[in-house]
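Enquirer: The structure under discussion is supplied below as structure tokens; questions concerning it will follow.
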């Protein structure tokens with residue numbers, strides 16, 4: 001009976017959520033239903049709920065949870081929202097998962113970025129981030145000249161950072177407060193020099209926007 005209801009609920013919810021989304025239901029510390037979307041976490045029915053997942057946190061706190069989960073937890077990073085529900089008089093959890101760079105609506109700008117350095121993660125206030133770079137299929141941000149690896153994509157960050165961050169290249173976003181100098185290279189393309197000595201190219205596709213935003 002419960003499985004039939006879950007399948008109907010999954011079918012209905014599936015009409016309202018993005019095609020990338022997956023739906024998972026857990027009870028008694030095991031997943032009892034899973035409907036995969038394009039961003040498939042490969043969860044199996046009967047699989048134990050791992051610590052660090054949204055399902056585990058909702059079960060523990062008994063309230064709605066919205067968060068990013070790192071790749072190490074389930075093998076693939078994801079963003080999701082979990083809700084406490086009741087099935088056949090049992091406490092259960094409903095989780096909707098999405099790709100890690102998915103943005104739900106327009107939220108307040110990010111106040112901090114969490115980055116990995118060596119084997120630890122550190123939350124860094126965004127105002128201390130000098131620039132962000134996409135390199136070798138990873139996203140890196142820099143604070144006090146130290147590099148940190150982020151689970152966000154550059155596209156995702158572009159939509160969530162404060163206005164003083166400026167996209168200057170498809171691979172670079174710069175904090176304008178850290179720009180020391182704007183000059184031209186031998187090919188007459190603009191190059192930004194940051195306070196830490198880093199040089200960032202401005203691609204022709206972004207030149208007009210950079211000049212407009214910075215007023216030169």
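In the UniProt record's numbering, the protein residues as written are 1 to 216. For every residue, glycine included, the Cβ atom is placed at its ideal position computed from N, Cα and C.
Note the first and the last residue of the continuous alpha helix (DSSP H) segment covering residue 139.
Expert: Position 139 of the chain shown, counting from 1, holds the residue named residue 139. First-last for residue 139: 138-143, but that is the beta strand (DSSP E), not the alpha helix (DSSP H).
Enquirer: By the DSSP assignment, the alpha helix (DSSP H) with residue 45 in it spans what residues?
Expert: Position 45 of the chain shown, counted from the start, is the residue given in the question as residue 45. Looking at the DSSP string, residue 45 is not in any alpha helix (DSSP H), and its letter there is neither H nor E.
Enquirer: Are the beta-carbon atoms of residue 31 and residue 13 separated by less than 8 Å?
Expert: Residue 31 sits at position 31 when you count from the first residue of the chain shown. Residue 13 sits at position 13 when you count from the first residue of the chain shown. It is not a contact, given that the beta carbons lie outside the stated cut-off.
Enquirer: Would the beta-carbon of residue 193 be found less than 7 Å away from any heavy atom of the ligand GTP?
Expert: The model on display carries no ligand, and the ligand GTP is accordingly not part of it.
Enquirer: In this structure, does DSSP put residue 229 in helix, strand or coil?
Expert: The chain is shown only over 1 to 216; residue 229 falls outside these bounds and no answer can be derived.
Enquirer: Based on the DSSP output, what are the partners of residue 117 in its beta bridges?
Expert: Working through the chain shown from its first residue, we reach residue 117 at position 117. DSSP lists 120 as partners of residue 117.
Enquirer: Name the two residues that bound the continuous beta strand (DSSP E) containing residue 214.
Expert: Position 214 of the chain shown, counted from the start, is the residue given in the question as residue 214. Counting along the chain, residue 214 falls outside any beta strand (DSSP E), though it belongs to the alpha helix (DSSP H) covering 204-214.
Enquirer: From residue 1 to residue 66, what does the alpha carbon distance come to, in whole angstroms?
Expert: Residue 1 sits at position 1 when you count from the first residue of the chain shown. Residue 66 sits at position 66 when you count from the first residue of the chain shown. In this predicted model, residue 1 has a pLDDT of only 41, less than 50, meaning its place in the structure is not dependable enough to derive any value.
Enquirer: Please confirm whether residue 46 and residue 20 have their CB atoms less than 8 Å apart.
Expert: Position 46 of the chain shown, counted from the start, is the residue given in the question as residue 46. Position 20 of the chain shown, counted from the start, is the residue given in the question as residue 20. No; because the gap between Cβ atoms is not below 8 Å, this pair is not in contact.
Enquirer: What residue does the beta strand (DSSP E) around residue 55 start on, and which one ends it?
Expert: As a position in the chain shown, residue 55 is number 55, starting the count at 1. Taken as a continuous stretch (DSSP letters only), residue 55 belongs to no beta strand (DSSP E), being part of the alpha helix (DSSP H) at 54-61.
Enquirer: Assuming the contact rule is C-beta atoms closer than 8 Å, residue 83 and residue 115 should be a hit. Round their C-beta distance to whole Å, please.
Expert: Residue numbering aside, residue 83 sits at position 83 when the chain shown is read from its first letter. Residue numbering aside, residue 115 sits at position 115 when the chain shown is read from its first letter. About 29 Å; that fails the 8 Å criterion.
Enquirer: Helix, strand or coil, according to DSSP, for residue 73 in the structure here?
Expert: To locate residue 73, count along the chain shown from 1; it is residue 73. Residue 73: helix per DSSP, three-state reduction.
Enquirer: Only counting the same chain, and skipping five residues up and downstream in sequence, which positions put a Cβ closer than 8 Å to that of residue 219?
Expert: Outside the modelled stretch of the chain, which goes from 1 to 216, sits residue 219, for which no answer is possible.
Enquirer: Straight-line CA distance for residue 120 to residue 150?
Expert: Along the chain shown, one-based indexing puts residue 120 at 120. Along the chain shown, one-based indexing puts residue 150 at 150. If I take the Cα positions, the gap works out to 12 Å.
Enquirer: Assuming contact is defined by CB atoms lying nearer than 8 Å, are residue 235 and residue 152 in contact in what I supplied?
Expert: Outside the shown range of the chain, which is 1 to 216, sits residue 235, and nothing can be said about it.
Enquirer: Less than 8 Å separating the beta-carbons of residue 24 and residue 34?
Expert: In the chain shown, residue 24 corresponds to position 24, counting from 1. In the chain shown, residue 34 corresponds to position 34, counting from 1. Yes, Cβ-Cβ distance for residue 24 and residue 34 is below 8 Å.
Enquirer: Assuming the contact rule is C-beta atoms closer than 8 Å, residue 78 and residue 41 should be a hit. Round their C-beta distance to whole Å, please.
Expert: Taking the chain shown and counting its residues from 1, the one referred to as residue 78 is at position 78. Taking the chain shown and counting its residues from 1, the one referred to as residue 41 is at position 41. The pair is a contact, with the Cβ atoms about 6 Å apart (cut-off 8 Å).
Enquirer: If you check the beta carbons only, do residue 160 and residue 123 fall under 8 Å apart?
Expert: In the chain shown, counting from the first residue as 1, residue 160 sits at position 160. In the chain shown, counting from the first residue as 1, residue 123 sits at position 123. No, the pair does not count as a contact, with Cβ atoms beyond the cut-off.
Enquirer: Given that a residue counts as buried once 16 or more other Cβ atoms are within 10 Å of its Cβ, and exposed if not, what is residue 156?
Expert: To locate residue 156, count along the chain shown from 1; it is residue 156. Flag for residue 156 reads buried.
Enquirer: Give me the Cα-Cα distance between residue 162 and residue 112, rounded to the nearest whole angstrom.
Expert: Here residue 162 is taken as the residue at index 162 of the chain shown, counted from 1. Here residue 112 is taken as the residue at index 112 of the chain shown, counted from 1. Distance between the alpha carbons of residue 162 and residue 112: 10 Å.
Enquirer: How would you call residue 167, buried or exposed, if buried means at least 16 neighbouring beta carbons within 10 angstroms?
Expert: Within the chain shown, the letter at position 167 stands for residue 167. The residue in question, residue 167, is buried, as its Cβ has 16 or more Cβ neighbours within 10 Å.
Enquirer: Can you tell which of 87, 175 and 86 has its C-alpha closest to the C-alpha of residue 214?
Expert: By 1-based counting over the chain shown, the position of residue 214 is 214. Closest option to residue 214, Cα to Cα, is 175.
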